[in-house]
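What follows is one structure encoded as structure tokens, with my remarks underneath.
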Amino acid sequence: MRVVVEILTGNLFYIQLGNDATIADLKREIEAQQNLPRDRLILINLDKNQCHCNYMISRDHEDGASLVDCGIHDVSYIYLFFNSLDDGSNHRFVFTWPDCLIG
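The letter at position 77 of the sequence shown is residue 77 when you use full-length UniProt numbering, and the numbering goes up by one with no holes.
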């Protein structure tokens, strides 16, 4: 299966995986292709036609869950976010969800 991934910067890239791939496999491929630390990835499966969030993949499922079980299929669209580093500071990143994802 081939999935589309979009980073907050608006950059799109594609990941090619087998139909039996897991969340861990997807994170490993993102790390290898984009040089991003997989332990900080937050993945959200978005149904762009209906504009609603199917799953917050990395929170709702363990890394061993299959992508198919998470509702991800060929040409699924995934948003990529990052967990903040715990550097001991009091500064926190605030993210506001788009209205179409809240309703």
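Ideal Cβ placement from N, Cα and C applies to all residues, glycine included.
Three-state secondary structure (DSSP) of residue i
i	result
L26	helix
V5	strand
I15	strand
Test item: CB-CB of residue i and residue j under 8 Å
i	j	result
L80	L17	no
I7	E29	no
Y77	L46	yes
Close Cβ partners of residue i (< 7 Å) along its chain, the five nearest in sequence each way excluded
i	result
D74	M1, R2
G64	T22, A24
Residue of the options minimising C-alpha distance to residue i
i	options	result
D39	E31, L8, N11	E31
F82	S76, Q34, L43, L67	L43
I72	Q34, N19, Q33, E62	N19
Proximal residues to residue i (C-beta, below 6 Å), its chain only, five neighbours per side dropped
i	result
F13	V5
K27	R38, L41
E66	Looking at the sequence provided, one finds Ser at residue 66 rather than Glu. The residues are T22.
T9	none
Same chain, Cβ closer than 8 Å to residue i, neighbours up to 5 away in sequence not counted
i	result
Q33	F13, I15
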